Every structure is written in structure tokens, then in C-alpha cells.
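**Q** Quick one: the structure is below, questions incoming.
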Amino acid sequence: MTAMPTHRSFEDLVAEGAAVPTEGWDFSWFEGRATEERPSWGYAVLAGERLARAEAVLDIQTGGGEVLDFALGRAEPARPVLVAATEGWPPNVAKATALLRPRGAVVVAAPDDAPLPFADGAFDLVLSRHPVRPYWDEIARVLRPGGAYLAQHVGPASVFELVEYFLGPLPAEVRAGRDPERERAEAEAAGLDVVGLRAERLRTEFHDIAAVVHFLRKVVWMVPGFTVAAYEPQLRALHERIGQEGPFVAHSTRHLFDARKPVR
Numbered sequence: 001m002t003a004m005p006t007h008r009s010f011e012d013l014v015a016e017g018a019a020v021p022t023e024g025w026d027f028s029w030f031e032g033r034a035t036e037e038r039p040s041w042g043y044a045v046l047a048g049e050r051l052a053r054a055e056a057v058l059d060i061q062t063g064g065g066e067v068l069d070f071a072l073g074r075a076e077p078a079r080p081v082l083v084a085a086t087e088g089w090p091p092n093v094a095k096a097t098a099l100l101r102p103r104g105a106v107v108v109a110a111p112d113d114a115p116l117p118f119a120d121g122a123f124d125l126v127l128s129r130h131p132v133r134p135y136w137d138e139i140a141r142v143l144r145p146g147g148a149y150l151a152q153h154v155g156p157a158s159v160f161e162l163v164e165y166f167l168g169p170l171p172a173e174v175r176a177g178r179d180p181e182r183e184r185a186e187a188e189a190a191g192l193d194v195v196g197l198r199a200e201r202l203r204t205e206f207h208d209i210a211a212v213v214h215f216l217r218k219v220v221w222m223v224p225g226f227t228v229a230a231y232e233p234q235l236r237a238l239h240e241r242i243g244q245e246g247p248f249v250a251h252s253t254r255h256l257f258d259a260r261k262p263v264r
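Residues in the sequence shown are numbered from 1 upward in steps of one, following full-length UniProt numbering.
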């Protein structure tokens, strides 16, 4: 992928990164500005294969609905009888509703940290891509016996080269958060059988400072409270570094969960 030219001024690039809308999980704006390796398992394709065999499906924290929309398209002409999705951020609720309604999916506004607003055993498949955190007890509750949870989670210390550039070294317990083996134990404690768990570390490159600004505005938990004004000296120094040395390199971590609710 070709990098964007780096001769544009710091002010112009920062202004551009600060002006791009952040709704949804469409990352196409980063084309040519940032790259990220994709996990080898192809989550959205896997989700489409599972959707084609499911009857009632829930997508947790769907964002703008882009991944679920793609997966539903892969599942056609087979499709579940019921497709529901939850999302907690109002702008994303509106975007996901507009995108998913034509596919017959219902989007429910629900806080990310609240119980799922569905009956026990309502779904035979629960999906999620990059949940803020998995609420295993709730996932297990809404699954039917024999139902499955398929999800791609963010792993420990993901893109922390960039995070720690702004925040400095973080404590070991923070770097160890989102550990896949800890999540496996939590899933099993909730009564689920983890039948598959794969993890990968993936190269990420930021080719200009506009990409950094937009990324930190979009993924707000990376550098909490991030604003251009608050971090202007660090941003300017990073802009100069990219111009002199090339892309800023970080590494994302991802893991794929495949868990089942036992038939008792």
C-alpha cells in the first residue's frame, strides 16, 4: 500500500485527522495512511459461515453494523430467522440501524456494561467483534443449550507502542489486561466450553500524523481524554519523526474465541 505524502504541514494534517467523523467501524479512511495486518482466520468470513447455519443470532456491540452487514451478505441466500444486534453509542445505533434494517436485522440500544435485554436461551449464535469486555454470564444466559459464541477480541497491550508514546510506560497489570487465557477461565467459569482459542500479534503502521489523530479520536480508550490541544507537543514531535524515519510501527493483538454452551 502506498503511503501518503509526508510534505504536508503538521497543521493541515492534524486538522484533517480531527475533522473526520468517527461513527461506526468503517476504517476505509485510513487507506494509504495506515496499515494493519489482518488475523489469518478471517473473522467476518467465519461469521458469515456460521450465520448461514443459525436460526437466531445476536451481534454484541455491533458498532456501525459494518461487520455484521458483511457477514450477512456472505451468508446469503441462507439467513437466520432472527438477527438482533446491540450497540451502546447513540451515533453508532443510528448508523447500524440504517445499514442493517434492509437485511431484516433489529438494532437495540443497550449500554455496553448492562445486562443483555433478551430472554434466557434466545439465541443459538452470539457474535462479537472487539467487545469492550465480554460479559460471559450474560453471553451464557442468552445462548440456547448447544449454542455458540464466536468472537474476535482485542488482546493484551494492543498498539501499546502508540499508547505508551503518549502516556509513558504503563503498569504490568494494565499491559496484561485482555489476556486470552484469563478470558478462557472466565468463559469456563460462566459455564461455557471453549472449543477454540487462537491468538496473533499483527504489525500496524501509521504513515502520517492525521492517521494517528483520527485513530485516537475513534478508538477513545487507547489514550483516554485525547485531544489535539492536550497532546500537541507529542503530536508535533511524532509528525517530525515520521517525516524523518518513516511510518510509526506498532503491533495489534487479536484472539479468536469459539465457545459452546453445553447441552445438559
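Using N, Cα and C, we set each Cβ at its ideal position, and we do this for glycine too.
Only a predicted model underlies this, so the values are computations on that prediction, with no experimental measurement involved.
For the beta strand (DSSP E) that contains Arg-254, what are its first and last residues?
**A** As a first step, residue 254 is located in the sequence shown; it is residue number 254 there, counting from the start. Start and end: 248-260.
**Q** Of the choices Phe-160, Leu-99, Glu-49 and Asp-208, whose alpha-carbon is the least far from that of Arg-79?
**A** Locating residue 79 in the sequence shown gives position 79, where the first residue counts as 1. Out of Phe-160, Leu-99, Glu-49 and Asp-208, Glu-49 has the C-alpha closest to the C-alpha of Arg-79.
**Q** Quick one: what's Tyr-149 bridged to in DSSP?
**A** Walking along the sequence shown from the start, residue 149 turns up at place 149. Note: Tyr-149 sits in a beta bridge opposite Val-126 and Ala-259.
**Q** Would you list, in sequence order, the uninterrupted beta strand (DSSP E) runs of no fewer than 3 residues that lie entirely inside the segment 175-230?
**A** Counting whole runs of 3 or more residues, the segment 175-230 contains the beta strand (DSSP E) stretches 193-206.
**Q** In chain order, what residues of the same chain have a beta carbon less than 6 Å from the beta carbon of Asp-59, not counting five sequence neighbours either side?
**A** Stepping through the sequence shown from its first residue, residue 59 is reached at position 59. The residues are Leu-68, Ala-85 and Leu-127.
**Q** In terms of residues, what are the limits of the beta strand (DSSP E) holding Val-57?
**A** Taking the first residue of the sequence shown as 1, we reach residue 57 at position 57. Run containing Val-57: 56-60, per the beta strand (DSSP E) assignment.
**Q** Give a yes or no on whether the C-beta atoms belonging to Arg-203 and Val-249 are separated by under 8 Å.
**A** The sequence position of residue 203 within the sequence shown is 203, counting from 1. The sequence position of residue 249 within the sequence shown is 249, counting from 1. Against a cut-off of 8 Å, the Cβ pair of Val-249 and Arg-203 comes out as a contact.
**Q** Please report the distance separating the alpha-carbon of Gly-104 from that of Gly-88.
**A** By 1-based counting over the sequence shown, the position of residue 104 is 104. By 1-based counting over the sequence shown, the position of residue 88 is 88. Those two C-alpha atoms are separated by around 20 Å.
**Q** Could you pull the start and end residues of the alpha helix (DSSP H) that Glu-37 belongs to?
**A** On the sequence shown, residue 37 is found 37 positions in, with the first residue counted as 1. First-last for Glu-37: undefined, no H or E at that position.
**Q** Which whole-angstrom value describes the C-beta separation of Asp-124 and Ala-54, a residue pair presumed to lie in contact below a C-beta threshold of 8 Å?
**A** As a first step, residue 124 must be located in the sequence shown, where it is residue number 124. As a first step, residue 54 must be located in the sequence shown, where it is residue number 54. At roughly 6 Å, the Cβ-Cβ gap stays under 8 Å, so Asp-124 and Ala-54 are in contact.
**Q** Does the segment 214-230 come within contact of the segment 173-190, defined as at least 3 CB pairs closer than 8 Å?
**A** With the cut-off at 8 Å, the segment 214-230 and the segment 173-190 do not touch.
**Q** Name, in chain order, the residues that DSSP records as bridge partners for Arg-78.
**A** If you number the sequence shown from 1, residue 78 lands on position 78. According to the sequence as given, residue 78 is Ala; it is not Arg. Looking at the DSSP assignment, Ala-78 forms no beta bridge with any residue, so it has no partner.
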